[in-house]
Amino acid sequence: MFKVFQTKFFSSLLAAFVLGGSVAAFEYGAYIDNNSKFQGQKLSNIKLSQINSGAVWVRSPLGSNTNNYFSMQGSYQHERDFRYKMDYDYVDLDLFKLNFGTTLFGNQLTAAAGRFFVSDLSSIVYTQNADGLYLNYQAPTYTVSLYGAYTGLLNANKISMIAIGKDAEIADSDKLYDFAEKYVISAGTISFLTLAENTSVDLQYLGAYRVEHKSTNRMYATISVNGPISSNIYYNTSYTLGWRNYDHSKYIKDALFRASATYFVPNTTLSLSGNFLYVTDMFVGFTSQDAVNSWDLPEYVDLCKPGATISIKPFSKLLLSLSGDIVFDSDLNYQGVQYRAAADLQLFSDLYIGGAITQYIDDDVAKNNRHCFQLKATLVL
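Take the sequence shown: its position 99, counting from 1, is numbered 1082 in this note's numbering, and each next residue is one higher.
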């Protein structure tokens, strides 16, 4: 099914630490956040870039049914790049959502309308906010989801979409709010649960159609299979076939495959994961994302990336993780290696701090190297 969230970052924090109880009354809150990175292509040339942000949110029940509610979040963000001595300021409406739930033919029907975050099955092609409608019908052995949205009212400086064509609009970073390119998004997902093995098989179609300038169509068909291998080992695989064209040209077809398996060590908080990603040389998703941590921060295209992650919670409020990947192109030519070591701590009930060290090393092309030391803090008000 679709992965539907309230916000890309703060929703998980909110759900875990703030909204853990019943939504029986009007709730509100705020947070302030700092994300500082010291980074450079050489250790001798490290410069600071900093993002300071703040947000306020509200959530109100609509009647006695806890599935019926309204939620909203607005934010302000200031960015400072000390390397180029540039400052940027943005405002955004991250969330504006009406949610309704009811029973239909004995099964759960959920509907949402407004602006909210949605991710596709691959978690690579489409992962962003949009203004739209979402329907989900959940039966014991299957789930059907429908989604439709429009991107033209989003802030292009906060939601980055991959541009196609010479007439693609580039966001004006000097504006507080610059409207994004106008796309209509349509998607449908059907999920089947095999009760005997507790395995889920998901099928999804997602289309993105530009409604200004010359036509640009992007369409994706994804199959995902996930479930347990044993009581402590879980796997997740997906395969996406994509088609795209520009100005009625011939469609280009390419693909993306990803797989992962995670082992949860019994009687501990330790988990071990292995993952594999392969993207053909002409693949183009919709939402812009960094595929590797090299200096040029490329998109998910022409890439083969096997890797592993280990994580542990020494105690309930501290999470430690270490991950690494070997990076190849789609022809299996070696490109580089990367790793990330991170620690996240809930210092107090309303204060969260974290740090990470990330490095990408390319032995052949030194300008792709990246060394990054990150510090972050979030205070919930």
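Ideal Cβ positions, reconstructed from N, Cα and C, are used throughout, including at glycine.
Query raised in the report: Would the beta-carbon of residue 1265 be found less than 7 Å away from any heavy atom of the ligand GDP?
Result: No copy of the ligand GDP appears in this structure; indeed no ligand is present at all.
Query - In chain order, each beta strand (DSSP E) run of at least 3 residues that lies wholly inside the segment 1292-1355 - result: Fully enclosed beta strand (DSSP E) runs of no fewer than 3 residues occupy 1301-1311, 1317-1331, 1334-1344 of the segment 1292-1355, in order along the chain.
Query - Within 8 Å, strictly: CB atoms of residue 1014 and residue 1341 - result: As a first step, residue 1014 must be located in the sequence shown, where it is residue number 31. As a first step, residue 1341 must be located in the sequence shown, where it is residue number 358. Residue 1341 sits away from residue 1014, with the two beta carbons spaced by 8 Å or more.
Report task. In the DSSP assignment, find the unbroken beta strand (DSSP E) run with residue 1035 in it and report its ends. Result -> Within the sequence shown, residue 1035 is the residue found at index 52, counting from 1. Taken as a continuous stretch (DSSP letters only), the beta strand (DSSP E) holding residue 1035 covers 1030-1044.
Report task. Check the Cβ-Cβ distances between residue 1340 and every residue of chain B, and say whether any is below 8 Å. Result -> Here chain B cannot be found, since the structure has a single protein chain.
Query raised in the report: Mapping DSSP to helix, strand and coil, what is residue 1213?
Result: For the purposes of this step, residue 1213 is taken as residue 230 along the sequence shown, with counting starting at 1. Three-state DSSP puts residue 1213 in coil, outside helix and strand.
Query raised in the report: For the segment 1222-1235 against the segment 1250-1258, are there 3 or more C-beta pairs whose distance is under 8 Å?
Result: The answer is no - the segment 1250-1258 does not touch the segment 1222-1235, with fewer than three Cβ pairs under 8 Å.
**Report entry** Of the listed residues 1090, 1040, 1338, nearest to residue 1363 (C-alpha basis)
**Finding:** Residue mapping note: residue 1363 aligns to position 380 of the sequence shown, counting from 1. Checked all of 1090, 1040, 1338; the closest Cα to residue 1363 is 1040.
Query raised in the report: Exposed or buried, what is residue 1293 when buried is set at 16 or more other beta-carbons lying within 10 Å of its beta-carbon?
Result: To locate residue 1293, count along the sequence shown from 1; it is residue 310. By the 16-neighbour rule on beta-carbons within 10 angstroms, residue 1293 is exposed.
Query - Three-way DSSP call (helix, strand, coil) for residue 1027 in this model - result: Locating residue 1027 in the sequence shown gives position 44, counting from the first residue. In this structure, DSSP gives residue 1027 a helical state, which the three-state scheme calls helix.
Report task. Identify which residue in 1208, 1309, 1087 has its Cα closest to the Cα of residue 1174. Result -> In the sequence shown, residue 1174 corresponds to position 191, counting from 1. Looking at the Cα atoms, 1208 is the closest of the given residues.
**Report entry** Backbone CA spacing between residue 1103 and residue 1110 [nearest angstrom]
**Finding:** The residue given as residue 1103 occupies position 120 in the sequence shown. The residue given as residue 1110 occupies position 127 in the sequence shown. The straight-line gap from Cα to Cα measures roughly 7 Å.
Query raised in the report: For residue 1019 versus residue 1036, is the C-beta distance shorter than 8 Å?
Result: On the sequence shown, position 36 is the one that residue 1019 refers to. On the sequence shown, position 53 is the one that residue 1036 refers to. Contact: no.
Query raised in the report: In chain order, which continuous runs of the beta strand (DSSP E) of length 3 or greater are located wholly inside the segment 1144-1187?
Result: Runs found: 1166-1177.
Report task. Sort 1355, 1252, 1338, 1335 by Cα distance to residue 1344 and report the nearest one. Result -> For the purposes of this step, residue 1344 is taken as the residue at position 361 of the sequence shown. That would be 1355, whose Cα lies nearest to the Cα of residue 1344.
Requested in this report: Would you mind sorting residue 1004 into buried or exposed? The rule is 16 or more other CB atoms within 10 Å of its CB.
Outcome: Taking the first residue of the sequence shown as position 1, residue 1004 is located at position 21. Residue placement at residue 1004 is poorly supported in this model, since its pLDDT is 38, which falls under 50; the coordinates are not used for a value here.
Query raised in the report: Any idea what DSSP makes of residue 1224, helix, strand or coil?
Result: Sequence index remark: in the sequence shown, residue 1224 carries index 241 (1-based). In the structure shown, residue 1224 sits in a strand (DSSP, three-state: E or B).
Requested in this report: Could you give the DSSP three-state label for residue 1357: helix, strand or coil?
Outcome: Along the sequence shown, one-based indexing puts residue 1357 at 374. DSSP places residue 1357 within a strand segment (E or B) once states are collapsed to three.
Query - Residue interval of the beta strand (DSSP E) (run including residue 1048) - result: The count along the sequence shown starts at 1 and reaches residue 1048 at position 65. Neither: residue 1048 is in no beta strand (DSSP E) and is coded neither H nor E.
Requested in this report: Give the secondary structure of residue 1103 by DSSP, where H, G and I count as helix, E and B as strand, and everything else as coil.
Outcome: Reading the sequence shown from its first residue, position 120 is the one you call residue 1103. In the structure shown, residue 1103 sits in coil (DSSP, three-state: anything other than H, G, I, E or B).
Report task. With a cut-off of 8 Å on the beta carbons, I'd call residue 1024 and residue 1350 a contact; round off their distance for me. Result -> Residue numbering aside, residue 1024 sits at position 41 when the sequence shown is read from its first letter. Residue numbering aside, residue 1350 sits at position 367 when the sequence shown is read from its first letter. Contact between residue 1024 and residue 1350 holds, since their C-beta atoms are separated by about 6 Å, short of 8 Å.
**Report entry** Same chain, Cβ closer than 7 Å to residue 1012, neighbours up to 5 away in sequence not counted
**Finding:** Sequence index remark: in the sequence shown, residue 1012 carries index 29 (1-based). The answer, listed in chain order, is 1001, 1040, 1363, 1364.
Query raised in the report: Would a C-beta distance cut-off of 8 Å place residue 1105 and residue 1221 closer than the cut-off?
Result: Position 122 of the sequence shown, counted from the start, is the residue given in the question as residue 1105. Position 238 of the sequence shown, counted from the start, is the residue given in the question as residue 1221. The Cβ atoms of residue 1105 and residue 1221 sit closer than 8 Å to each other.
Query raised in the report: How far does the beta strand (DSSP E) with residue 1256 in it reach, from first residue to last?
Result: The sequence position of residue 1256 within the sequence shown is 273, counting from 1. Per DSSP, residue 1256 belongs to the beta strand (DSSP E) from 1254-1262.
Query raised in the report: Do three or more CB pairs link the segment 1130-1138 to the segment 1235-1253 at distances below 8 Å?
Result: No, the segment 1130-1138 is not in contact with the segment 1235-1253.
Query raised in the report: What does a CB cutoff of less than 8 Å around residue 1164 pick up in its chain, not counting 5 residues either side in sequence?
Result: Your numbering for residue 1164 matches position 181 in the sequence shown. Hits under 8 Å: 1134, 1135, 1139, 1144, 1146, 1151, 1152, 1193, 1195.
Query - Of the listed residues 1245, 1329, 1071, nearest to residue 1032 (C-alpha basis) - result: Translated into the one-based positions of the sequence shown, residue 1032 becomes position 49. Closest by alpha carbon: 1071.
Query raised in the report: In three-state terms, what does DSSP make of residue 1003?
Result: Along the sequence shown, read from residue 1 onward, the residue named residue 1003 stands at position 20. Bear in mind that the predicted position of residue 1003 carries a pLDDT of just 36, short of 50, making it unreliable; the figure below should be weighed with that in mind. Three-state DSSP puts residue 1003 in coil, outside helix and strand.
Query raised in the report: Smallest Cα separation from residue 1050: which of 1119, 1287, 1098?
Result: Taking the first residue of the sequence shown as 1, we reach residue 1050 at position 67. Among 1119, 1287, 1098, the Cα nearest to that of residue 1050 is on 1119.
**Report entry** Rounded straight-line distance, which links the Cα of residue 1027 to that of residue 1170
**Finding:** What you label residue 1170 is simply residue 187 of the sequence shown in a count that begins at 1. What you label residue 1027 is simply residue 44 of the sequence shown in a count that begins at 1. Those two C-alpha atoms are separated by around 48 Å.
Requested in this report: Return helix, strand or coil for residue 1364, following the three-state DSSP convention.
Outcome: In the sequence shown, counting from the first residue as 1, residue 1364 sits at position 381. Looking at residue 1364 - three-state DSSP - the assignment turns out to be coil, as it is neither helix nor strand.
**Report entry** Rounded C-alpha distance that separates residue 1168 from residue 1297
**Finding:** By one-based count along the sequence shown, residue 1168 stands at place 185. By one-based count along the sequence shown, residue 1297 stands at place 314. Cα to Cα, the separation comes out at about 43 Å.
Requested in this report: Leaving aside the five residues before and after residue 1181 along the sequence, list all residues of the same chain whose C-beta is less than 7 Å from its C-beta, in chain order.
Outcome: Taking the sequence shown and counting its residues from 1, one reaches residue 1181 at position 198. 1210, 1211.
Report task. Look up residue 1136 in the DSSP assignment and say whether it is helix, strand or coil. Result -> Here residue 1136 refers to the residue found at position 153 of the sequence shown. Of the three classes helix, strand and coil, the one that applies to residue 1136 here is coil, per DSSP.
**Report entry** As assigned by DSSP and simplified to three states, the class of residue 1010
**Finding:** One-based indexing of the sequence shown puts residue 1010 at position 27. Residue 1010 falls in the strand class under three-state DSSP.
Requested in this report: Quick one: measure Cβ to Cβ for residue 1288 and residue 1314, integer angstroms, because I've assumed they're closer than 8 Å.
Outcome: Here residue 1288 corresponds to residue number 305 of the sequence shown, with the count starting at 1. Here residue 1314 corresponds to residue number 331 of the sequence shown, with the count starting at 1. Taking C-beta atoms under 8 Å as the contact rule, residue 1288 and residue 1314 fail to qualify, at a distance of about 14 Å.
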